[in-house]
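Enquirer: Sending over a structure as structure tokens; questions will come in a sec.
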Amino acid sequence: MKITNFLVLSFLLFAFTATSIFPRAVHAEAVIDAFGDEVRTGGRYIIAAASNDFAVTSSRIICNSDVFLSPMSNGLPVIFSPVVESNDSVIHEDSNLNVDFDAATCRMAGVSTMWKIEMRPTARGFVVTTGGVAGLNRFKITKYEGAHNLYQLSYCPISEPICECSCVPLGKVVNRLAPSTVPFPVVFVPSDRASKIEYKMM
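Residue 58 is where the sequence shown starts when you use my numbering, and the numbers rise one by one after that.
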């Protein structure tokens, strides 16, 4: 229990510190994909590193899996949806979002593929995993500083045991997506066009 409390307190301290280092976007501009089109609610996208060497995916089991980073060819599509329902079908920067892996077999089995943050004692900290609940596990997309159409992902805690506090940047921690002081730039590639693009750091 002491270790658990220490890790939670460490996460909260990290969250407050991260706010001053990575400020939120001021204008809610549309998020743009790797082809220059607006990212849409319900669309299927591969979240890929701008360096074109890895993409966000899950384990082979997919259901009840942590979020891993693997070669681009193994990327698993995600679907973005706003926490607050809107008639606007465009995903905007700095909006609270639900993120789901597009895995029909899991949905048919009643298993949530929605992202959330969970503590992993074996990993000595928090990681992004699946099994989340809509509205309680909020993520944001913000512009990556100094780059055109490159973005960074953040987690915005609201549910227990973390409480509601500032958004925390996500980065590559070993081979997992996890809270990090070093966020990495990503692009969003429509899954049906993932094989047609080469992108570089801008």
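Yeah, the Cβ is synthetic: ideal placement off N, Cα and C, and Gly gets one too.
In this text, all values refer to a predicted model and were calculated from it rather than measured experimentally.
The alpha helix (DSSP H) spanning Thr114 covers which residue range?
Expert: Unbroken run through Thr114 is the beta strand (DSSP E), Ala112 to Thr114; no alpha helix (DSSP H).
Enquirer: Quick check on the burial criterion: 16 or more other C-beta atoms within 10 angstroms. Buried or exposed for Phe245?
Expert: It counts as buried.
Enquirer: Note the first and the last residue of the continuous beta strand (DSSP E) segment covering Ala41.
Expert: Past the boundaries of the shown model lies residue 41; the chain is included only from 58 to 259, so the question cannot be answered.
Enquirer: Can you tell me whether Ser211 is helix, strand or coil according to DSSP?
Expert: The answer is strand: DSSP assigns Ser211 an E or B state.
Enquirer: Please work out which residues of its chain come closer than 6 Å, Cβ to Cβ, to Ala112, disregarding the five sequence neighbours upstream and downstream, and give them in chain order.
Expert: Within the same chain, Ala112 has close Cβ partners Ile103, Ala105, Met129 and Gly132.
Enquirer: Using a Cβ-Cβ cut-off of 6 Å (strictly less than) and excluding sequence neighbours within five positions of Ala251, which residues of its own chain qualify?
Expert: Same-chain partners within the cutoff: Ile103.
Enquirer: At the level of alpha carbons, what is the spacing between Arg101 and Val230?
Expert: Cα-Cα distance, rounded: 25 Å.
Enquirer: Classify Pro178 as buried or exposed, calling it buried when 16 or more other Cβ atoms lie within 10 Å of its own Cβ.
Expert: Per the 10 Å Cβ criterion, exposed.
Enquirer: Going by DSSP in three states, Arg164 sits in which element: helix, strand or coil?
Expert: Three-state DSSP puts Arg164 in a helix.
Enquirer: On the DSSP bridge list, what partners appear for Ile174?
Expert: Val185.
Enquirer: Could you give the DSSP three-state label for Ala87: helix, strand or coil?
Expert: Of the three classes helix, strand and coil, the one that applies to Ala87 here is strand, per DSSP.
Enquirer: Counting Cβ pairs, one atom from each stretch, are 3 or more of them under 8 Å apart for the segment 185 to 193 and the segment 143 to 151?
Expert: Verdict: no, contact absent.
Enquirer: Just reading off the beta strand (DSSP E) that Thr199 is part of, what are its end residues?
Expert: Arg195 to Lys200 is the extent of the beta strand (DSSP E) around Thr199.
Enquirer: Given a threshold of 16 other Cβ atoms within 10 Å of its Cβ, counted over all protein chains shown, does Pro247 qualify as buried or as exposed?
Expert: Buried.
Enquirer: With distances taken Cα to Cα, identify the nearest neighbour of Ser138 among Asp159, Asn121 and Val124.
Expert: The option with the nearest alpha carbon to Ser138 is Asp159.
Enquirer: In the DSSP output, which residue or residues are listed as bridge partners for Phe245?
Expert: Bridge partners of Phe245: Ile104.
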